[in-house]
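Asker: Questions regarding the structure given below will be posed in turn.
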Amino acid sequence: MSEHDHHHHDHDHDDDHSHLSETELRVRALESILVEKGYVDPQALEAILQTYEEKVGPRNGARVVARAWSDPEFMEWLQRDSTAAVASMGYTGRQGEHIVALINTPEVHNVVVCTLCSCYPWPVLGLPPAWYKSAAYRSRVVIEPRQVLAEFGLTLPDETKVRVWDSTSEMRYIVIPMRPAATDGWSVEQLEELVIRDSMVGVREARSPQSASSTTTDGSTSNAR
Amino acid sequence: MPGKDCKSTDAAVEPIVWDNEGQLVFGAPWQAQIFSMTVALHEAGLFNWSAWTDVFSARRRASSAAGKPDTSQTYYGDWLDALETLTANLALAPQAEQVRYREAWRDAAERTKHGHPIELQAADFRDPGHLHQ
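Quick mapping for you: the protein sequence lines, in order, are chains A and B.
With the working numbering, the residue at position 144 of the first sequence is 300, and numbering never jumps.
With the working numbering, the residue at position 63 of the second sequence is 152, and numbering never jumps.
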């Protein structure tokens, strides 16, 4: 907006040349220094983006949850050593972090936050959604978790305890939501469809079979990546 | 927006600002660039992830304390500040180099016709003797 204010004194301004914003100049400067010194490889940068934008996403987490719902031994393994159980499915942290699965029950509901910045279980959920990174979520979910959950449309019974877990660079959490009712005999693949990303952060529940069949797009947008 | 008022919103409840930014992970290409640079430097063993989160979270706290808007623009602005600070502190990209390259890119943009890719050349550096590969 303020750039327009300068136009009156640019007597020899050439509108035909390219323009980079201050931010773009800073990013290009940093990248060209790091590439020139051999610290980063432009192809590796491209590969990292592709991995996180296309290959890693909340579907990985949904597979972990659906398997935990279907296979008691796997559930037990998850509780004992989440990092190993999750790694057995091929999902390991590139930052060398531990993954801890938090199992929701009628008595305890788990919610995940990173109050410091935006630590998040990338290998199972991909990159965090915008709201997870906001200062509003990071500060408020610790102070008034029930209110924040209500804003996501999740109202918990008074007798259910809410536990808020603060992620760190070494410790990342994934919530295993409760298995929806009326899903007896469902295959792992069918169950996967009910596991939305937000349920694995703990701000929503898994979808019910009714909502899954009536509105196919509802909630699944978060898994579309 | 016409027809869209906030009467249902309890005054005590602060809306989650980022909700209206949708599900996009990156709002602009530069945001994706600094993300992948950070991951690449870490994977090359140039810093621990906790060293990164220390610097980044300090920036986030400072922005919050300064009352900057709680948006993804601020978030990635903090990310860029943190990456510049960390790479300068570790002498991967010293501060003076960052300034020099910024000016070189500015000159490169100015001599590049609109619509053409902007590329850095040795001539863009104001100090003689820089050999750009």
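Backbone N, C-alpha and C fix where the C-beta goes; we use that ideal spot for every residue, glycine too.
(1) What does the alpha-carbon distance come out to for the pair Ala154(B) and Arg296(A)?
(2) Please report the straight-line C-alpha distance between Ile189(A) and Leu176(A), rounded to a whole angstrom.
(3) How far does the alpha helix (DSSP H) with Val183(A) in it extend, from its first residue to its last?
(4) By the 8 Å beta-carbon criterion, what residues does the region 254 to 269 of chain A contribute toward chain B?
(5) What are the partner residues of Met400(A), as DSSP defines its beta bridges?
(6) Can you find a CB in chain A that lies within less than 7 Å of the CB of Ala180(B)?
(7) In terms of residues, what are the limits of the beta strand (DSSP E) holding Asn266(A)?
(8) List the residues of chain B whose Cβ lies closer than 7 Å to the Cβ of Tyr195(A), in chain order.
(9) Going along the chain, which residues of its own chain have a beta-carbon closer than 6 Å to the beta-carbon of Ile123(B), five neighbours each way excluded?
(10) Buried or exposed for Gly194(A), please, with buried defined as at least 16 other CB atoms from any protein chain shown within 10 angstroms of its CB.
(11) Per DSSP, which residues does Val318(A) bridge with? Please list them.
(12) State yes or no: is the C-beta of Ala286(A) within less than 7 Å of the C-beta of Ser161(B)?
(13) Is there at least one Cβ from chain B nearer than 7 Å to Ser323(A)'s Cβ?
(14) Using a cut-off of 8 Å between C-beta atoms, extract the partners of Ala154(B) located in chain A.
(15) Measure how close the beta-carbons of Ala224(A) and Phe230(A) come, nearest whole angstrom, since I'm counting them as under 8 Å.
(16) Within this structure, are the beta carbons of Val318(A) and Pro301(A) separated by less than 7 Å?
(17) Let me see if you follow: with CB-CB separation under 7 Å, is Val144(B) close to chain A or not?
(18) Let's see if you can read the secondary structure: which residues bound the alpha helix (DSSP H) around Gln206(A)?
(19) If distances are taken between C-alpha atoms only, which option among Glu187(A), Phe308(A), Val351(A) and Glu326(A) comes closest to Thr248(A)?
(20) Quick one: Cα of Asp197(A) to Cα of Ala218(A), how far?
(21) Determine the contact status of Leu350(A) and Ala338(A), defining contact as a CB-CB distance below 7 Å.
(22) Is the CB of Ala211(B) under 7 Å away from at least one CB in chain A?
(23) Out of Phe214(B), Glu199(B), Leu179(B) and Ala117(B), which has the shortest C-alpha to C-alpha gap to His131(B)?
(24) Are the C-beta atoms of Thr179(A) and some chain B residue less than 7 Å apart?
(25) Taking Asp196(B) as part of the alpha helix (DSSP H), name the residues at either end of that continuous run.
(26) Would you call the CB atoms of Gly358(A) and Val268(A) closer than 7 Å?
(27) For Asp143(B), which option in Asn266(A), Thr271(A) and Ala243(A) has the closest C-alpha, if you only look at C-alpha atoms?
(28) For His173(A), write down the residues that DSSP places opposite it in a beta bridge.
(29) Could you confirm whether any beta carbon from chain B is found closer than 7 Å to the beta carbon of Ser174(A)?
(30) Is it right to say Ala185(A) is buried, meaning 16 or more other beta carbons lie within 10 angstroms of its own, or is it exposed?
(31) Interface residues of chain A around Gln184(B) at Cβ under 9 Å?
(32) Can you list the residues of chain A that Glu199(B) reaches, using a CB-CB cut of under 7 Å?
(33) 7 Å is my cut-off, CB to CB: does Gln162(B) come that close to chain A?
(34) Excluding sequence positions up to five away, which residues of its chain have a Cβ less than 8 Å from the Cβ of Ala197(B)?
(35) Please report the residue range of the alpha helix (DSSP H) in which Val280(A) lies.
(36) Does DSSP put Ile123(B) in a helix, a strand or coil?
Answerer: Quick look at the numbers:
(1) If you take the alpha carbons of Ala154(B) and Arg296(A), they lie about 15 Å apart.
(2) Computed Cα separation, rounded: 17 Å.
(3) Start and end: Glu178 to Glu192.
(4) Within the region 254 to 269 of chain A, no residue has a Cβ that lies closer than 8 Å to any Cβ of chain B.
(5) In this structure chain A extends from 157 to 381, so residue 400(A) is not present and cannot be described.
(6) Output row for Ala180(B): interface = no.
(7) Judged by DSSP secondary structure, Asn266(A) falls within the beta strand (DSSP E) whose first and last residues are Val264 to Val269.
(8) Going along chain B in sequence order, the residues near Tyr195(A) (Cβ under 7 Å) are Leu130, Ala133, Leu135 and Leu181.
(9) Only Trp168, Leu169 and Leu172 meet the Cβ criterion.
(10) Residue burial is scored here from C-beta neighbours: Gly194(A) has fewer than 16 other C-beta atoms within 10 angstroms and is therefore classed as exposed.
(11) Partner residues in the beta bridge of Val318(A), as assigned by DSSP, are His265(A).
(12) Taking 7 Å as the Cβ cut-off, Ala286(A) and Ser161(B) qualify as a contacting pair.
(13) Not closer than 7 Å to any Cβ of chain B, the Cβ of Ser323(A) fails to qualify, so no.
(14) Per Cβ cutoff of 8 Å: no residues; Ala154(B) is ~10 Å from chain A at best.
(15) With a Cβ gap of about 6 Å, Ala224(A) and Phe230(A) count as contacting.
(16) For the 7 Å CB-CB criterion, Val318(A) and Pro301(A) form a contact.
(17) Using a CB distance cut-off of 7 Å, Val144(B) does not count as an interface residue toward chain A.
(18) That run of the alpha helix (DSSP H) goes Pro198 to Gln206.
(19) Of the candidates Glu187(A), Phe308(A), Val351(A) and Glu326(A), the one whose C-alpha sits nearest the C-alpha of Thr248(A) is Glu326(A).
(20) Straight-line Cα distance between these residues: approximately 33 Å.
(21) Cβ distance not < 7 Å, so Leu350(A) and Ala338(A) don't count as in contact.
(22) The beta-carbon of Ala211(B) is placed no less than 7 Å from the nearest beta-carbon of chain A.
(23) For the options Phe214(B), Glu199(B), Leu179(B) and Ala117(B), the alpha carbon positioned closest to that of His131(B) is the one of Leu179(B).
(24) Judged by the 7 Å Cβ criterion, Thr179(A) is in contact with chain B.
(25) Note, Asp196(B): alpha helix (DSSP H), Gln184 to Arg200.
(26) Yes, these two residues count as a Cβ contact at 7 Å.
(27) With respect to the C-alpha of Asp143(B), the residue from Asn266(A), Thr271(A) and Ala243(A) having the closest C-alpha is Thr271(A).
(28) DSSP, once it has assigned bridges, lists Lys202(B) as partnering His173(A).
(29) Closer than 7 Å to some Cβ of chain B, the Cβ of Ser174(A) qualifies, so yes.
(30) Classification of Ala185(A): buried, given that the 10 Å Cβ count is 16 or more.
(31) The contacting residues do not exist; Gln184(B) stays about 11 Å from chain A at best.
(32) Residues of chain A passing the Cβ test: His173.
(33) Answer no: the Cβ-Cβ gap between Gln162(B) and chain A never drops below 7 Å.
(34) Leaving aside the five residues that flank Ala197(B) on each side, the residues in its chain whose CB is nearer than 8 Å to its CB run, in chain order, Ile207, Glu208, Leu209, Gln210 and Asp213.
(35) Unbroken alpha helix (DSSP H) run through Val280(A): Trp278 to Leu281.
(36) The DSSP-derived three-state label of Ile123(B) is helix.
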